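See structure below.
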Amino acid sequence: MTLHPLIEPGWVNAILPELVLCVGGLLLMLLGAFGARLRGITAPLALIVFIVTAWSEKLVLAGTFFGGTYEISGITRIFDITFLLSAILATLFAREYLEREGIEGGEFYALLMWATVGMMMMAKGLDLLIVILGLELLSICIFVLVGYHRRIPVSNEASLKYFLMGAFATGFILYGTALFYGATRSTNFTEMARAFSTADPNNVLLSIAFVLLMSGLGFKLAAAPFHGWAPDVYQGAPSPIAGWLSVAPKAATLIALVRLLSAMLPMLQFSLWMKMIAALSVLSMVIGNAAAIAQRDLKRMLAYSGIAHVGYMLIALLSLRDDSVAAIAVYTITYALMNIGAFGVVSTLAKNQNDPQTLDDIAGLGFRSPFSGLALTVCMFSLSGLPPTAGFIAKFYIFKTAVDSGHLAIAIVGILTSIVSVYYYLRVVYYLYMKEPAEGYAIVPAGGIFATGALAITMIGIFVIGLFPTPLFAMAGAAARALLP
Amino acid sequence: MLNHLWLIPALPLLGFLLNGLFGKRLGNGFVSLVGPLSSFLSAVAGTVAVLQYHHQYPNGDRHVDVVYNWISSGGVGADLAFQLDPLSIVMLLVVTWVGFLIHLYSVGYMAHEEGYWRYFSYLNLFLAEMLVLVLGSSYLVMFVGWEGVGLCSYLLIGFYYDKDFAVAAGKKAFVVNRIGDFGFLVAMFLMFAYFGTVDFAKVSQIASGGVEPGLVTAICLLLFLGATGKSAQIPLYVWLPDAMAGPTPVSALIHAATMVTAGVYMIARPNALYRLAPDALMVVAIIGALTAIFAATIGIRQNDIKKVLAYSTVSQLGFMFIGVGVGAFTAGIFHLITHAFFKACLFLGSGSVIHAMSGEQDIRRMGGLWKKIPITAWTFLIATIAIAGFPPLSGFFSKDEILASALANPYFPDLGVWIWAIGTVAALFTAFYMFRLFFLTFGGSFRGTQEQEHHLHESPWTMTVPLVVLAAGSILGGALTVNHFLEHWLELPTFEVSPARAWLAMIASTIVAILGTWFAYALFGRRGLAADERFERRAPAVARTLENKYYVDEFYDEALVTPLERFSRFLWRGIDALIDGILALGGYVVAAVGDLLRFLQTGNVRNYALMFFVGVIVFIWIFA
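Read top to bottom, the protein sequences are chains A and B. Add 179 to a position in the first sequence, counting from 1, and you land on the number used in our numbering. Add 1261 to a position in the second sequence, counting from 1, and you land on the number used in our numbering.
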């Protein structure tokens, strides 16, 4: 083993986006300390920081840095943009939500920034330890963000639950990593790949390591059967954070998984490992969709629907080719738009946040607030995969990779369950437009210009990707070709 | 126009946007203008395109207008493209012009309804989606329209959302159609995977070039599954009768003339595939024949004017599937056209009757309307004669062509005789239930309340003009068969029917039409409702079974819906119970872990962690 000099020339350029976010977060913390007068400008400042970060992505050169532990390429850029998009949407929805709930502060956005840094590390890490480092940074920020509504018991409870379960899952991830290190003498993906190419496919130790690691990551993905926490945590978390939480960390985990699995490619051909991913996928699709039918609480329904969507995305992992990685990239961006949008509408329902937001709250909303109603309808159409929305295209790419790579059975499960899912998504539309609210009970959305802007972004994005998916898909495909061996 | 085919669906889409966004604010006058006008402009644009097409492609070749490359991945792509060929043109003309007439009719019919703007925006959207369906040049574009019309159908069935049965009916239509969509989607992915394209022409070309017959049969059967959902065939027909909860013009447009015939189009369009898979064709023909007779017998005992027509639609769609199923694609499409006229006329006529009767739909409380609403009565009579199959009205020619083809088909000649026999009996029932409906509604004396009688009135011109136009179409539609015009024009694959068989079928068709009508006259024309009562006395079990539609709904509820609901509940609620179960089963180790975790005491977290742990153990056991 040769030792690399860890700090190479050009390292600042490599982590410029991360640096911008870190410094921006610190500045916002400081601003928060200067009292109530400056609170109004924290959200716009945070938006500026996120946009500057997105712009700084252009200055970053592709390559490997820090002794072969950090890789920047086209695909990491696409995922960085997905994380930033999620953060921007969450910020837009949070602005008015936090103000209304009286809990606004600079630290909220700072935490969002640092969490984004963690996700960027997960996407770019070429070393399991870097991925875990990013994951932990992300998790700690999530603990606080979920419990950010500190005066409300459900929020505290959600935070504690996520903390306990997260610690539990991290244990599995670390133990799996340790076993991998024991078997391959490295945590670096490149070197692990070299060791795997000569490894015995029937090595039980490696298999146990894989199952442990996969289970831990399955927790972060909220994939069944490691999904138990998700409905409680989403329900308790502030709605803008619930939407963000249901998208961004999953995207980060998925791209890390793509890197990890492509290092393991020689092993995957022979072992039962792919079957575990298939099992996670099928369980997630079936349990997620079936359980969502029984929900009346909107956030719980979206939580179960999120479990199902992870199931769809995992299908693409079964065939690690450039078009399947591109399919995941398109899916995560689409999912960010439609799911954060849906949670966003829920976040505008001015109501005691300790109470559940149920279907009854949106009865007749389509007539009381046409714009919110339309936005939620578009999100629901997209989530259910009706053409010509982005959700249809995203699912189409996913199922097509499955059929192309010979996983017809799992594609059929996907199609069947997504057809079942239309039932509960359309039920939301039915409540919006075909149901009268109960007597004297009509919640009007309290969203202002920020939430309206965010909803406009999601709707435009959903239709643009739905009608013109080819450029995005081609870009992601080209980036994925560079990533895969 | 040929290079801007997208305009044809775009015009009603624009109408949808205008009505949906501004209709409520700008009032009913604005909506009454935008709604019918956008559909009229679309009809004109479509007709201009057809004329240009006729000029440019005298041989009936396919014209494709690619808007742009919609999806491309890994060398496989799909364009957003529209096409014109004779089959698309037939569908286009029926959809736009019948659609326009029904928009016009709706101005009068819906005038006093709340949510007038909502109604017209949905109706415009439906028209746009239906045009995407029939003009699309690939299965994928067709699917876009397919899903869209399903959505509009759901919205319009549930239009009177303050009525529970309307909402339930909408939901039922939606759920049942999902099963069909599954077939369509899987068929499409199979085409992508094995043919690398979903373009209509390319798929047919590749399939004809020699592929595994099993694959073609599978694709055909999956497509047909889609068709049974949308076109209400056994076993998925149950949603259509309930769909009558929607406004009557919607029943005429969506649930009689256009959307429900999309399934027939779906068989006729890939006819090259179906001819390679005679087994699939046979399934189509058998299902069609069974549906035709099954629904016709139910129609005998229904008393809601719209329900009778609904079962009649299911039955007539069955005839169309017999046509395409025996390989007589032209005959199936011909019946689709004539049916669009006479069934739209009947539904709009029933709407006019309901309008006159102040909302009454039960024919037992009607009667004697012949003199009171003469235009409605005359047009209704003409359409009834047409559907009953009397020459020389349109229904006779198209139905006869289907039955003669069944008798003469080269794919399964032995079975063909049986299908012809079943079809002919179904035609007998058709004449019978339709004239029962006619005599009970218009004949005899008035059986309603005095107040209803006081309010009886003929409908305004926006309602009667469409009726007259459609009645004229019902009379003259048969002209399409003169000199085999439609056959030459459509150029769909066909086969020779020997004169002896053609005469046999024709004579049999005429006899059953006369017989059915005569029975209906002898029973209901003379005795009125007393005939129904006698039926109940003589054969109570049969009467009750028919009245309850063979108890199919009840059967589905018990056998499918309830267990599925239980399963969903089980998966949700059962997760906790499941863990407890595993806890008990897992014995020592798991119980010990459970004890270990118990100190956390934070509600369900213990359970989640345990589920996590059990999951890991199971995965290690299986996968390591």
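Backbone N, C-alpha and C define an ideal beta-carbon position, used for all residues, glycine too. If you're wondering where the values come from, they're calculated on a predicted model, not measured in any experiment.
(message) M1872 (chain B) and F405 (chain A) - do their beta-carbons sit closer together than 9 Å?
(response) yes
(request) Ignore the nearest five residues each way along the sequence and tell me which others in I512 (chain A)'s own chain have a CB closer than 6 Å to its CB. (result) T261
(request) State the CB to CB distance for the pair G1612 (chain B) and Y1370 (chain B), rounded to an integer number of angstroms; the pair is presumed to be in contact (CB under 8 Å). (result) 6 Å
(message) So, with DSSP's three-state summary, where would you put Y249 (chain A)?
(response) Y249 (chain A) sits in a strand when the DSSP states are folded into three classes.
(request) List the endpoints of the continuous beta strand (DSSP E) containing G1338 (chain B). (result) V1337 to L1345
(message) On a Cα-Cα basis, can you pick out the residue from B:F1884, B:I1883 and B:Y1869 that is closest to Y341 (chain A)?
(response) B:Y1869
(request) Using a Cβ-Cβ cut-off of less than 8 Å, give me the residues of the region 583–617 of chain A that come near chain B, in sequence order. (result) D583, L587, A590, I591, I594, L595, I598, V599, V601, Y602, L605, Y609, Y612, M613, K614 and E615
(request) Drop a sphere of 10 angstroms on the beta-carbon of A1820 (chain B), count the other beta-carbons inside from all chains shown, and report buried for 16 or more, exposed for fewer. (result) exposed
(message) I want to verify the contact list: residues of chain A whose CB lies under 8 Å from the CB of D1326 (chain B), in sequence order.
(response) Those do not exist, as D1326 (chain B) stays about 17 Å from chain A at its closest Cβ, beyond 8 Å.
(message) I need the DSSP call for L353 (chain A), collapsed to helix, strand or coil.
(response) helix
(request) Measure the Cβ-Cβ separation of S1492 (chain B) and V1511 (chain B) and say whether it is below 9 Å. (result) Contact: no.
(request) For G1419 (chain B), return the contacting residues in chain A, with the cut-off set at a CB-CB distance below 8 Å. (result) Y609 and M613
(request) Please decide whether V390 (chain A) counts as near chain B, where near means a Cβ-Cβ distance under 9 Å. (result) yes
(request) Over the uninterrupted beta strand (DSSP E) stretch that includes T243 (chain A), give me the two end residues. (result) G242 to F244
(request) Following the continuous alpha helix (DSSP H) through Q536 (chain A), name the residue where it begins and the one where it ends. (result) Segment: none, Q536 (chain A) is in no alpha helix (DSSP H) and carries neither H nor E.
(request) Kindly say whether M517 (chain A), judged by its beta-carbon, lies nearer than 9 Å to any beta-carbon of chain B. (result) no
(request) Report yes or no: do the region 1529–1543 of chain B and the region 1434–1441 of chain B share at least 3 C-beta pairs separated by less than 8 Å? (result) No contact exists between the region 1529–1543 of chain B and the region 1434–1441 of chain B.
(request) Whole angstroms is fine: what's the gap from G350 (chain A)'s alpha carbon to L205 (chain A)'s? (result) 30 Å
(message) Does any residue of chain A have a CB that is nearer than 9 Å to the CB of W1267 (chain B)?
(response) no
(request) Say whether chain A places a C-beta atom closer than 9 Å to the C-beta of Y1400 (chain B). (result) For Y1400 (chain B), no Cβ of chain A is located within less than 9 Å of the residue's own Cβ.
(request) With DSSP as the reference, label Y327 (chain A) as helix, strand or coil. (result) Here DSSP, grouped into helix, strand and coil, assigns Y327 (chain A) to coil.
(request) Under 8 Å by Cβ, that's how I've got M517 (chain A) and T631 (chain A) pegged, so tell me the actual separation to the nearest angstrom. (result) About 17 Å; that fails the 8 Å criterion.
(message) Does the distance between the C-beta of G467 (chain A) and the nearest non-hydrogen atom of the ligand GDP fall short of 8 Å?
(response) The ligand GDP is absent from the structure shown, which contains no ligand whatsoever.
(request) Compute the Euclidean distance between the alpha carbons of I1467 (chain B) and V1327 (chain B), then round it to the nearest angstrom. (result) 21 Å
(request) Compare the C-alpha of F1651 (chain B) against each of B:F1693, B:S1770 and B:V1726 and name the closest. (result) Taking each of B:F1693, B:S1770 and B:V1726 in turn and checking the Cα distance to F1651 (chain B), the smallest one comes out for B:S1770.
(message) By DSSP's criteria, D1661 (chain B) is part of a beta bridge. Which residues make up the other side?
(response) Note: D1661 (chain B) sits in no beta bridge, so no partner.
(message) Within 8 Å, do at least three Cβ pairs link the region 519–536 of chain A to the region 431–447 of chain A?
(response) The answer is no - the region 519–536 of chain A does not touch the region 431–447 of chain A, with fewer than three Cβ pairs under 8 Å.
(message) Using a Cβ-Cβ cutoff of less than 8 Å, which residues in the same chain neighbour F1420 (chain B) once the five nearest sequence positions on both sides are dropped?
(response) Sequence-distant Cβ neighbours of F1420 (chain B) in its own chain, meaning closer than 8 Å and more than five residues away, are G1376, R1379, Y1380, Y1383, A1427, G1507, P1508 and V1511.
(message) For S1399 (chain B), list the residues DSSP reports as bridge partners.
(response) B:D1460
(request) List the residues of chain A whose Cβ lies closer than 7 Å to the Cβ of Y1869 (chain B), in chain order. (result) The contacting residues are M344, G407 and W408.
(request) Specify, as a first and last residue, the run of the alpha helix (DSSP H) that N192 (chain A) falls within. (result) W190 to A193
(request) Using a cut-off of 9 Å between C-beta atoms, extract the partners of R1439 (chain B) located in chain A. (result) I598, V599, V601 and Y602
(request) Give the DSSP-derived three-state secondary structure of D476 (chain A) in the structure shown. (result) Three-state result, D476 (chain A): strand.
(message) Per the DSSP calculation, P624 (chain A) is bridged to which residue(s)?
(response) Its beta-bridge partners are A:L528.
(request) Please decide whether I1881 (chain B) counts as near chain A, where near means a Cβ-Cβ distance under 9 Å. (result) yes
(message) Please classify R475 (chain A) as buried or exposed, where buried requires at least 16 other C-beta atoms within 10 Å of its C-beta.
(response) exposed
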